[in-house]
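J.:
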Amino acid sequence: MPELPEVETIAAGVHARVHGQRIVRVWTSGKPQTFKSPEDEIARALTGARIESVRRVGKTIVMTLHRGKTPGAPSFPALSERMGSVKTPTELLIHLGMTGRLLVSAPEIPLAPHTHAVLTLSGAPGESARREIRFVDPRRFGRISLHAPQPATDNLQPATFSGPGSEPLTISLAGFIALFHPRRTPIKAALLNQSLLHGIGNIYADESLFRAAIRPTRQAALLTRAELARLRTTLVKVLRHAIQLGGSSVSDYVDADGARGFFQLQHRVYRRTGQPCLVCATPIRRITLAGRSTHFCPHCQR
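Terminal number for the sequence shown in my numbering: 292, no gaps in between.
(1) Taking the CB atoms as reference points, tell me whether phenylalanine 151 and valine 16 lie closer together than 8 Å.
(2) Have a look at glycine 10 and threonine 272 and give me their C-alpha separation to the nearest angstrom.
(3) Going by DSSP, which residues form a beta bridge with phenylalanine 200?
(4) Leaving out five residues on either side along the sequence, give the residues of the same chain with a beta carbon under 8 Å from the beta carbon of arginine 275.
(5) CA-CA distance, phenylalanine 170 and proline 103?
(6) Helix, strand or coil for glutamine 11 per DSSP?
(7) At the level of alpha carbons, what is the spacing between leucine 109 and serine 95?
(8) Do you know how far the Cα of arginine 121 is from the Cα of valine 76?
(9) Tell me the DSSP bridge mates of glutamate 122?
(10) Decide if the stretch 129 to 141 is in contact with the stretch 77 to 88; the criterion is three or more beta carbon pairs, one per stretch, under 8 Å apart.
(11) Check the DSSP bridge columns for histidine 56 and list the partner residues they point to.
(12) Quick one: using the 10 Å Cβ neighbour count with 16 as the cut-off for buried, is arginine 12 buried or exposed?
(13) Can you name the residues that DSSP bridges to alanine 219?
(14) Is proline 61 helix, strand or coil when you go by DSSP?
(15) Give the DSSP-derived three-state secondary structure of arginine 230 in the structure shown.
(16) Residues in its own chain within less than 6 Å of phenylalanine 166 by CB, not counting five upstream and five downstream?
(17) How about histidine 188 and glycine 155: are their beta carbons less than 8 Å apart?
(18) Quick check: leucine 55 and arginine 45, are their CB atoms within less than 8 Å of each other?
(19) In this structure, does DSSP put glutamate 81 in helix, strand or coil?
(20) Do phenylalanine 253 and histidine 231 count as a contact pair if the criterion is CB distance below 8 Å?
(21) Hey, isoleucine 134 and lysine 26: beta-carbon distance below 8 Å or not?
(22) Can you tell me whether DSSP reads isoleucine 167 as helix, strand or coil?
(23) Can you tell me which of the three DSSP states threonine 284 falls into?
(24) Quick check on the DSSP output: the beta strand (DSSP E) that includes isoleucine 277 runs from which residue to which?
(25) Count the other C-beta atoms from every protein chain shown that fall within 10 angstroms of the C-beta of leucine 225, then say buried if there are 16 or more, exposed otherwise.
(26) Could you have a look at histidine 188 and say whether DSSP puts it in helix, strand or coil?
(27) Here's the rule I'm using: 16 or more other beta-carbon atoms within 10 Å means buried, otherwise exposed. How should proline 97 be labelled?
(28) If you draw a straight line from the alpha carbon of leucine 212 to that of arginine 174, how long is it in whole angstroms?
(29) Rounded to whole angstroms, what is the Cα-Cα separation between proline 266 and glutamine 256?
(30) If arginine 91 and valine 240 are in contact, beta carbons under 8 Å, what's the gap, nearest whole angstrom?
(31) With a threshold of 16 other CB atoms inside 10 Å of the CB of aspartate 30, please say whether the residue is buried or exposed.
(32) When you compare the CB positions of leucine 229 and proline 158, do they come within less than 8 Å of one another, or not?
(33) I think threonine 80 touches alanine 35, with their Cβ atoms under 8 Å apart; what is that distance to the nearest whole Å?
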């Protein structure tokens, strides 16, 4: 499943290619597993809307849309009443699931099998060629839905989608310690808990724990404050390095252009079962923890 670095890479790539453009046509596949909001409602909300931004929240891609009152743009009064005023943005939430891909393609490129949504765009100013945003998902664990932020008040901005947990790249040390110090579960299981930190999955939990020299089976509540501080610093470094390398392509993941990432070449424990530790040469072990495969060095991680 794509994790924070992969989703960040995809969101940034899509944003760079499509922000500011309008959606002129929406096609969906009719496969109900993919859509958490009704497909006709998604089509009405998106058609004619301008893409203000594409960003990541946890493992979710959030596309912020403004309809506005641009001359010639379609108008949907009933939808405006349902989704809030025209000044309040609508957000399209895209979760990639296990095998989902969000690609920016030229319309003449044939649709890949298992394509479930196509957003045809107006084209950037000064460009004659149009582009399409395509959601492809062979296993159909990905989800697409609408989110309507609460309208702005005199003192508050609209309540945009914020995800289930805290953001790993910006959480403070005090906040990080407060999240994990009370937990009596293994630290690996706590890292995977999306209601605590959202965006962390198997790859980056294993890699961060190895670099922090912390065994994944240790109870989070028994870690010292110094160990939690080291884990936070290491986690941020690993995530940022992975983002720089375009994420880890260990199965289906590709970025918005269909290119693979390179951080899998930097993996020190993940999927290296039985291979020598790159630090001490002890064979890497694999166990099942919280229902997930977990890789660690029994000598380096205490």
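Even for Gly, the Cβ is constructed at its ideal location relative to N, Cα and C.
Only a predicted model underlies this, so the values are computations on that prediction, with no experimental measurement involved.
T.: Checking against the coordinates, here is how it stands:
(1) In this structure, valine 16 does not lie closer than 8 Å to phenylalanine 151 by Cβ.
(2) So the two alpha carbons sit approximately 52 Å from each other.
(3) By DSSP's assignment, phenylalanine 200 forms no beta bridge with any residue.
(4) Apart from sequence neighbours up to five positions away, the residues of its chain that approach arginine 275 with a beta-carbon distance below 8 Å are Thr263, His285, Phe286, Cys287, Pro288, ordered along the chain.
(5) Going from the Cα of phenylalanine 170 to the Cα of proline 103 covers about 42 Å.
(6) DSSP places glutamine 11 in coil when its eight states are reduced to three.
(7) Straight-line Cα distance between these residues: approximately 10 Å.
(8) Per-residue confidence for valine 76 stands at a pLDDT of 43, beneath the threshold of 50, marking its modelled position as unreliable; no derived number is given.
(9) When DSSP reads this structure, glutamate 122 sits in a beta bridge with Ser95, Thr110.
(10) Contact between the stretch 129 to 141 and the stretch 77 to 88 is present, because at least three Cβ pairs lie under 8 Å.
(11) DSSP, once it has assigned bridges, lists Arg40 as partnering histidine 56.
(12) Result: buried.
(13) DSSP, once it has assigned bridges, lists no residue as partnering alanine 219.
(14) The predicted model places proline 61 with a pLDDT of 42, which falls under 50 and marks its position as unreliable; any figure quoted below should be read in that light. In the structure shown, proline 61 falls within a coil segment according to DSSP collapsed to helix, strand and coil.
(15) Judged by DSSP in its simplified three-state form, arginine 230 adopts helix.
(16) Only Arg222 meet the Cβ criterion.
(17) At the C-beta level, histidine 188 and glycine 155 come within 8 Å of one another.
(18) Cβ atoms of leucine 55 and arginine 45: not closer than 8 Å.
(19) Looking at glutamate 81 - three-state DSSP - the assignment turns out to be strand.
(20) Contact: yes.
(21) Annotated as proximal: isoleucine 134 and lysine 26, with beta-carbon spacing under 8 Å.
(22) DSSP places isoleucine 167 within a helical segment (H, G or I) once states are collapsed to three.
(23) Threonine 284 carries a strand assignment under DSSP once its states are collapsed to helix, strand and coil.
(24) For isoleucine 277, the enclosing beta strand (DSSP E) stretches over residues 275 to 279.
(25) Leucine 225 counts as buried, since at least 16 other C-beta atoms from the protein chains shown sit within 10 angstroms of its C-beta.
(26) Three-state result, histidine 188: coil.
(27) A residue is called buried when at least 16 other Cβ atoms come within 10 angstroms of its Cβ; proline 97 does not meet this threshold and is exposed.
(28) Approximately 8 Å between the Cα atoms of the pair.
(29) Put simply, the backbone Cα of proline 266 is about 15 Å away from that of glutamine 256.
(30) Cβ atoms of arginine 91 and valine 240 stay farther apart than 8 Å, at about 14 Å.
(31) Burial call: exposed.
(32) Yes, these two residues count as a Cβ contact at 8 Å.
(33) Contact between threonine 80 and alanine 35 holds: their C-beta atoms lie close to 5 Å from each other, under 8 Å.
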